[in-house]
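Trainee:
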Amino acid sequence: MPRFLQGLRAFGGLTLLLASQPAWSTSPAALPALRAESCSVRGLMDQLREGLRSNSKAYRDYLNAVLREAAVSLPSGELHAAFDRETDPAMVEQLAAALVARSEREAEKDAIQAVARRALEDRDPSVRAATVRAMRRTGALEKTGDMYERLMRDGSPEVRMEAAQNLIEDNQYVYSAHHGPATDLAVNAATASTDPKVTARILESLDTRKMGPEAGQKLLGMLGHESADVRRSAALALGSVPAAQMGPAREALVGMYRGERDAGVRKALVQGIAELGFADAVPELRKLRSVDPAMAPEIDAWIRALESGVQEWGLLLREKQRLQQVR
Amino acid sequence: MDSSNPTQTPGSGPSRGRGVPWGLAGAGLVAVLTAVGLVWRGGDDAQAPSATAAPVKASRSQGSHAGGGGTGAAPAGVEEAEAAERRFSDQTCFPELGRFNDGVTLETFREQAAPLLASKDALVRDYLKAKLAELIGDDAGKAGQVVDWARDAQGAEFQVLLSGLRASDAVQKPQVAARLLEAGMDAKLSIERRAGMLSALDTQKHLPPAAMDRMADFARDPASTEAGWAATRTLGRVMARESENHGDASPYLDRLITIATDAPDEQIRHLAQTAPLHNSPVLDAKATERFTRILQSEGNEDGRDAAAQVLAMSSDKEQVLKLFTDSFQREQSVCVRWALFRFSARVAGREALPVMANMATVDPRFQPLYRVFETLYAQGNVDFIRVWNELPDQNPFGCMDRHQ
Numbered sequence: 033m034p035r036f037l038q039g040l041r042a043f044g045g046l047t048l049l050l051a052s053q054p055a056w057s058t059s060p061a062a063l064p065a066l067r068a069e070s071c072s073v074r075g076l077m078d079q080l081r082e083g084l085r086s087n088s089k090a091y092r093d094y095l096n097a098v099l100r101e102a103a104v105s106l107p108s109g110e111l112h113a114a115f116d117r118e119t120d121p122a123m124v125e126q127l128a129a130a131l132v133a134r135s136e137r138e139a140e141k142d143a144i145q146a147v148a149r150r151a152l153e154d155r156d157p158s159v160r161a162a163t164v165r166a167m168r169r170t171g172a173l174e175k176t177g178d179m180y181e182r183l184m185r186d187g188s189p190e191v192r193m194e195a196a197q198n199l200i201e202d203n204q205y206v207y208s209a210h211h212g213p214a215t216d217l218a219v220n221a222a223t224a225s226t227d228p229k230v231t232a233r234i235l236e237s238l239d240t241r242k243m244g245p246e247a248g249q250k251l252l253g254m255l256g257h258e259s260a261d262v263r264r265s266a267a268l269a270l271g272s273v274p275a276a277q278m279g280p281a282r283e284a285l286v287g288m289y290r291g292e293r294d295a296g297v298r299k300a301l302v303q304g305i306a307e308l309g310f311a312d313a314v315p316e317l318r319k320l321r322s323v324d325p326a327m328a329p330e331i332d333a334w335i336r337a338l339e340s341g342v343q344e345w346g347l348l349l350r351e352k353q354r355l356q357q358v359r
Numbered sequence: 004m005d006s007s008n009p010t011q012t013p014g015s016g017p018s019r020g021r022g023v024p025w026g027l028a029g030a031g032l033v034a035v036l037t038a039v040g041l042v043w044r045g046g047d048d049a050q051a052p053s054a055t056a057a058p059v060k061a062s063r064s065q066g067s068h069a070g071g072g073g074t075g076a077a078p079a080g081v082e083e084a085e086a087a088e089r090r091f092s093d094q095t096c097f098p099e100l101g102r103f104n105d106g107v108t109l110e111t112f113r114e115q116a117a118p119l120l121a122s123k124d125a126l127v128r129d130y131l132k133a134k135l136a137e138l139i140g141d142d143a144g145k146a147g148q149v150v151d152w153a154r155d156a157q158g159a160e161f162q163v164l165l166s167g168l169r170a171s172d173a174v175q176k177p178q179v180a181a182r183l184l185e186a187g188m189d190a191k192l193s194i195e196r197r198a199g200m201l202s203a204l205d206t207q208k209h210l211p212p213a214a215m216d217r218m219a220d221f222a223r224d225p226a227s228t229e230a231g232w233a234a235t236r237t238l239g240r241v242m243a244r245e246s247e248n249h250g251d252a253s254p255y256l257d258r259l260i261t262i263a264t265d266a267p268d269e270q271i272r273h274l275a276q277t278a279p280l281h282n283s284p285v286l287d288a289k290a291t292e293r294f295t296r297i298l299q300s301e302g303n304e305d306g307r308d309a310a311a312q313v314l315a316m317s318s319d320k321e322q323v324l325k326l327f328t329d330s331f332q333r334e335q336s337v338c339v340r341w342a343l344f345r346f347s348a349r350v351a352g353r354e355a356l357p358v359m360a361n362m363a364t365v366d367p368r369f370q371p372l373y374r375v376f377e378t379l380y381a382q383g384n385v386d387f388i389r390v391w392n393e394l395p396d397q398n399p400f401g402c403m404d405r406h407q
């Protein structure tokens with residue numbers, strides 16, 4: 033089972049659909065809540081409009097789940113019409129998620145295109161942001177062409193940030209960083225963005241182990257960015273590049289360290305160098321130690337962690353944190 | 004298969020091991036525990052219970068990914084939609100569930116939830132669990148009431164009560180956790196019920212030492228069967244949470260190693276042996292020595308396999324490489340040999356290559372594998388997980404399929 037498929041568990045509950053329909057008609061309707069019926073677009077909209085204001089998270093979560101589950105068998109025309117008509121961002125988000133669910137479950141492959149259109153074209157930025165959220169942790173980025181690059185140029189910072197969040201979470205949870213094209217798409221969007229906050233947000237946690245060489249070049253280029261935040265995030269992202277790109281990445285990070293003035297960027301450079309070399313990075317880090325005395329404790333902490341010989345990056349990060357706590 | 008984890012995923016339930024030592028009880032346990040949402044990896048609320056996730060993944064596997072990107076127009080939606088309606092049966096809606104939600108209290112919960120539960124709707128059942136957790140809140144008295152109900156509730160209601168309790172804030176209060184533990188240790192209750200009670204403790208942030216001891220003693224009791232298994236899993240899950248929160252995992256690890264060594268039941272022992280794979284603790288000298296004994300004396304090869312992986316995190320790398328070298332020579336199972344071979348790389352990365360070369364001399368079946376590792380390290384790979392993920396074949400001896 034490829035890990036990149038696991039993010040799809042957001043649409044859990046399919047087992048229910050495989051079960052046969054229980055015999056409702058024989059149950060006595062002792063309480064109002066027991067009345068069960070086939071889901072309809074209208075009925076669900078009414079229930080959602082009321083329920084999304086409930087202070088019970090359990091109930092709101094239930095309603096979200098029911099709509100996504102029912103989406104595959106709701107009449108397509110009615111659902112699209114309701115989506116087109118709706119202007120309340122919270123409701124738009126629900127209906128968009130239902131359409132995305134239809135796409136994901138292959139009940140209606142192109143349903144997501146209506147959502148993507150609205151994310152790009154609606155006049156209300158809150159609605160655009162809501163439709164973007166509805167595509168989070170799905171396979172949307174494989175089905176929406178250049179949508180994310182275009183969203184990077186959206187006039188609303190909220191929309192840009194929601195789109196960044198999708199790229200982060202899709203890469204992490206849907207693809208587990210194992211799908212190069214998804215990584216490249218995130219890098220391309222990040223470099224296309226003119227909002228340094230958004231660029232940094234995408235890059236700082238991006239696992240680039242499957243990144244292609246072209247995106248890799250773009251990422252190296254971001255080390256020269258005027259924003260320290262962008263340089264910091266690019267240095268972190270370069271720590272995890274594929275083996276073939278490690279050499280140039282290491283050279284770039286080491287070469288940049290001496291000239292860099294920003295402490296946060298320097299910290300990120302050190303981390304990137306550590307990740308690219310593990311124990312082999314120790315001699316290099318020792319050399320860099322004298323450049324800036326203020327960085328010596330940080331470099332020492334890395335050297336100690338790397339010298340522990342731990343062979344997995346996640347565990348090395350933990351080891352460094354642990355050693356710093358102990359001291 | 005989880006491609007980022009260089010071992011089989013442990014502890015997904017006793018039924019996956021060879022044979023079920025307590026007969027049909029194993030299957031029942033899986034039913035109880037998964038229904039309560041307590042599969043090992045699903046211990047955190049962020050993760051969906053695997054029971055519902057699996058079919059989704061399956062449906063996706065032959066789906067849109069294989070074709071890659073592209074936004075080209077698909078054939079007209081109408082036929083597709085009609086086909087979909089044939090493929091998917093209807094989700095049921097409860098239009099007045101909002102009234103239940105607004106009106107229900109802890110006092111009326113059992114009575115009012117009963118007809119909803121009888122509907123067997125999975126989403127409604129999940130809702131009832133979450134709603135019950137909200138109704139309990141952080142009130143220890145209410146939580147105690149639910150523990151009392153759980154002593155005689157049946158079937159789906161039992162699962163809802165314990166899931167609600169497990170997810171509530173109040174379950175973190177010492178007096179509530181203590182009542183659950185007492186119920187789990189109560190010999191008057193059935194083993195299945197005790198397993199459920201002990202499993203509901205798995206969301207704890209900490210366990211007091213006395214509770215750990217009781218659970219570990221119980222897991223070593225031949226009569227504990229699936230409840231002992233549940234106690235072991237709870238110890239493992241709380242240990243993993245402590246580690247995540249940068250707490251001290253060693254008191255849990257200590258008890259788990261005791262179970263891993265002494266429990267008469269092979270499946271319980273195995274669960275304890277694999278528990279550290281979830282948090283990869285760095286082993287001190289004592290833990291290294293105790294796990295060494297497991298590697299050398301455990302009769303079940305899965306246990307020796309797990310021990311090799313755990314030992315790779317020992318702080319004494321030289322000693323472990325020597326141990327692996329010696330064990331490889333004596334080991335008869337090719338699967339355990341494969342574990343010793345690949346986890347040598349987890350011990351020391353590229354520095355382990357001479358040890359691995361030596362193993363490949365002892366057993367020539369490992370020569371092509373040695374060349375793969377050598378090449379990957381020569382290419383500049385440093386992270387063991389990434390080396391593992393670059394292997395052209397992660398299962399060269401069919402060891403991952405041996406339980407299927």
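Protein sequences appear in the order of chains W and X.
To convert, count from 1 in the first sequence and add 32; that's the numbering used here.
To convert, count from 1 in the second sequence and add 3; that's the numbering used here.
Virtual Cβ for every residue (Gly too), placed ideally from N, Cα, C.
The structure displayed is predicted, hence computed values, not measured ones.
Can you tell me whether T12(W) is helix, strand or coil according to DSSP?
Mentor: It is not possible to answer for residue 12(W), since the shown part of chain W is limited to 33 through 359.
Trainee: Can you tell me which of the three DSSP states C96(X) falls into?
Mentor: By one-based count along the second sequence, residue 96(X) stands at place 93. Three-state result, C96(X): strand.
Trainee: Specify, as a first and last residue, the run of the alpha helix (DSSP H) that Y380(X) falls within.
Mentor: Here residue 380(X) corresponds to residue number 377 of the second sequence, with the count starting at 1. 370-381 is the extent of the alpha helix (DSSP H) around Y380(X).
Trainee: In angstroms with no decimal places, state the Cα-to-Cα distance between P245(W) and Q277(W).
Mentor: The count along the first sequence starts at 1 and reaches residue 245(W) at position 213. The count along the first sequence starts at 1 and reaches residue 277(W) at position 245. Approximately 7 Å between the Cα atoms of the pair.
Trainee: Per DSSP, what are the beta-bridge partners of S70(W) in this structure?
Mentor: Locating residue 70(W) in the first sequence gives position 38, counting from the first residue. Answer is T95(X), bridged to S70(W).
Trainee: For a contact meaning CB atoms closer than 8 Å, what does F310(W) contact in chain X?
Mentor: The residue given as residue 310(W) occupies position 278 in the first sequence. Chain X residues near F310(W): G352, V385, D386.
Trainee: Look at the alpha carbon of A337(W) and the alpha carbon of P325(W), and state the distance between them as a whole number of angstroms.
Mentor: Walking along the first sequence from the start, residue 337(W) turns up at place 305. Walking along the first sequence from the start, residue 325(W) turns up at place 293. Using only the alpha carbons, I get a separation of about 19 Å.
Trainee: Name the two residues that bound the continuous alpha helix (DSSP H) containing D396(X).
Mentor: Within the second sequence, residue 396(X) is the residue found at index 393, counting from 1. Unbroken run through D396(X): none, as it is neither H nor E.
Trainee: Would a C-beta distance cut-off of 8 Å place L164(X) and A170(X) closer than the cut-off?
Mentor: Here residue 164(X) is taken as the residue at index 161 of the second sequence, counted from 1. Here residue 170(X) is taken as the residue at index 167 of the second sequence, counted from 1. Going by C-beta atoms, L164(X) is not nearer than 8 Å to A170(X).
Trainee: Would you say Q382(X) lies against chain W (beta-carbon separation less than 8 Å)?
Mentor: The residue you call residue 382(X) lines up with position 379 of the second sequence. For Q382(X), the answer is yes, since a Cβ of chain W falls inside 8 Å of its Cβ.
Trainee: Answer with yes or no whether the minimum CB distance from P279(X) to chain W is below 8 Å.
Mentor: Counting from one through the second sequence, the residue named residue 279(X) turns up at place 276. Chain W contact via Cβ: absent.
Trainee: Relative to the C-alpha of A275(X), which residue among F294(X), D287(X), Y380(X), V285(X) is closest?
Mentor: Along the second sequence, read from residue 1 onward, the residue named residue 275(X) stands at position 272. If you compare the alpha carbons of F294(X), D287(X), Y380(X), V285(X) with that of A275(X), the shortest gap goes to F294(X).
Trainee: Following a CB-centred definition, is V375(X) positioned closer than 7 Å to any heavy atom of the ligand MG?
Mentor: No copy of the ligand MG occurs in the structure displayed, which carries no ligand at all.
Trainee: Inspect the CB distances between the segment 125-144 of chain W and the segment 93-106 of chain W and report whether three or more fall short of 8 Å.
Mentor: yes
Trainee: Using C-beta distances below 6 Å, list every residue in its chain close to P228(W), excluding the 5 sequence neighbours before and after it, in chain order.
Mentor: Taking the first sequence and counting its residues from 1, one reaches residue 228(W) at position 196. Hits under 6 Å: S259, D261, V262.
Trainee: So which residues on chain X does Y180(W) lean against when the C-beta distance must stay under 8 Å?
Mentor: Here the question's residue 180(W) lines up with position 148 in the first sequence. Chain X residues near Y180(W): none, gap ~12 Å exceeds 8 Å.
Trainee: Would L164(X) pass as an interface residue toward chain W - the criterion being a Cβ-Cβ separation below 8 Å?
Mentor: Here residue 164(X) corresponds to residue number 161 of the second sequence, with the count starting at 1. Interface flag for L164(X) against chain W is unset, since no Cβ pair is found closer than 8 Å.
Trainee: Taking only beta-carbon positions, decide if F376(X) is within less than 8 Å of chain W.
Mentor: Position 373 of the second sequence holds residue 376(X). So no, F376(X) is outside the interface.
Trainee: Can you tell me whether V127(X) is buried or exposed? The criterion is at least 16 other CB atoms within 10 Å of its CB, across all chains shown.
Mentor: Here residue 127(X) refers to the residue found at position 124 of the second sequence. By the neighbour-count rule (16 or more Cβ atoms within 10 Å), V127(X) is buried.
Trainee: Have a look at R92(W), T170(W), A196(W) and flag the residue whose alpha-carbon is nearest the alpha-carbon of R182(W).
Mentor: Within the first sequence, the letter at position 150 stands for residue 182(W). The shortest C-alpha separation from R182(W) is found at A196(W).
Trainee: Using a C-beta to C-beta distance shorter than 8 Å, which residues of chain W count as neighbours of G101(X)?
Mentor: Position 98 of the second sequence, counting from 1, holds the residue named residue 101(X). Neighbours of G101(X) on chain W, chain order: Q79, E82, G83, S86, Y91.
Trainee: Decide if the segment 309-324 of chain X is in contact with the segment 346-354 of chain X; the criterion is three or more beta carbon pairs, one per stretch, under 8 Å apart.
Mentor: yes
Trainee: Just mark D239(W) as buried or exposed, buried being the case when its beta carbon has 16 or more other beta carbons within 10 Å.
Mentor: Counted from its first residue, the first sequence places residue 239(W) at position 207. By the neighbour-count rule (16 or more Cβ atoms within 10 Å), D239(W) is buried.
Trainee: Who are L286(X)'s beta bridge partners in DSSP?
Mentor: Taking the second sequence and counting its residues from 1, one reaches residue 286(X) at position 283. The partner list for L286(X) (beta bridge, DSSP) reads S317(X).
Trainee: For a contact defined as C-beta to C-beta under 9 Å, what are the partners of R328(X) on chain W?
Mentor: As a position in the second sequence, residue 328(X) is number 325, starting the count at 1. The amino acid at residue 328(X) is misidentified as Arg; the sequence shows Thr. Going along chain W, no residue has its Cβ under 9 Å from T328(X), so there is no contact; the nearest lies around 17 Å.
Trainee: Quick one: measure Cβ to Cβ for P106(W) and F115(W), integer angstroms, because I've assumed they're closer than 8 Å.
Mentor: Locating residue 106(W) in the first sequence gives position 74, counting from the first residue. Locating residue 115(W) in the first sequence gives position 83, counting from the first residue. Checking the sequence, you will find Leu at residue 106(W) rather than Pro. Wrong, their Cβ atoms sit about 11 Å apart, outside the cutoff.
Trainee: Taking its Cβ as the centre, do 16 or more other Cβ atoms sit within 10 Å of I388(X), making it buried, or is it exposed?
Mentor: Your numbering for residue 388(X) matches position 385 in the second sequence. So I388(X) ends up on the buried side.
Trainee: Determine, using beta carbons only, whether S225(W) and R192(W) come nearer to each other than 8 Å.
Mentor: In the first sequence, residue 225(W) corresponds to position 193, counting from 1. In the first sequence, residue 192(W) corresponds to position 160, counting from 1. Yes; because the gap between Cβ atoms is below 8 Å, this pair is in contact.
Trainee: Would you call the segment 218-233 of chain X in contact with the segment 184-204 of chain X, where contact means no fewer than 3 C-beta pairs closer than 8 Å?
Mentor: As far as the Cβ criterion goes, the segment 218-233 of chain X touches the segment 184-204 of chain X, which means the pair count is three or higher.
Trainee: When the cut-off is 8 Å and only beta carbons count, does V212(W) lie next to chain X?
Mentor: What you label residue 212(W) is simply residue 180 of the first sequence in a count that begins at 1. A small correction: the amino acid at residue 212(W) is Gly; Val does not occupy that position in the sequence shown. With 8 Å as the cut-off, G212(W) does not count as an interface residue toward chain X.
Trainee: Under 8 Å between the Cβ atoms of N282(X) and M218(X)?
Mentor: Taking the first residue of the second sequence as position 1, residue 282(X) is located at position 279. Taking the first residue of the second sequence as position 1, residue 218(X) is located at position 215. Cβ atoms of N282(X) and M218(X): not closer than 8 Å.
Trainee: So the alpha helix (DSSP H) G309(W) belongs to, where does it begin and stop?
Mentor: As a working mapping, residue 309(W) is identified with position 277 in the first sequence. First-last of the alpha helix (DSSP H) with G309(W): 295-309.
Trainee: Please report the distance separating the alpha-carbon of A148(W) from that of Y180(W).
Mentor: Looking up residue 148(W) in the first sequence gives position 116. Looking up residue 180(W) in the first sequence gives position 148. About 10 Å.
Trainee: Starting from E114(X), trace the alpha helix (DSSP H) in both directions and tell me its first and last residue.
Mentor: Start at 1 with the first residue of the second sequence, and residue 114(X) comes out as number 111. Per DSSP, E114(X) belongs to the alpha helix (DSSP H) from 109-121.
Trainee: What distance in whole Å lies between the Cβ atoms of W334(W) and V302(W), which are believed to be in contact at a cut-off of 8 Å?
Mentor: Sequence index remark: in the first sequence, residue 302(W) carries index 270 (1-based). Sequence index remark: in the first sequence, residue 334(W) carries index 302 (1-based). Contact flag correct, Cβ pair sits at about 6 Å.
Trainee: Kindly list the residues whose CB is nearer than 8 Å to the CB of E304(X), restricted to its own chain and excluding five residues on each side of it in sequence; keep chain order.
Mentor: Position 301 of the second sequence holds residue 304(X). The residues are S336, C338, V339.
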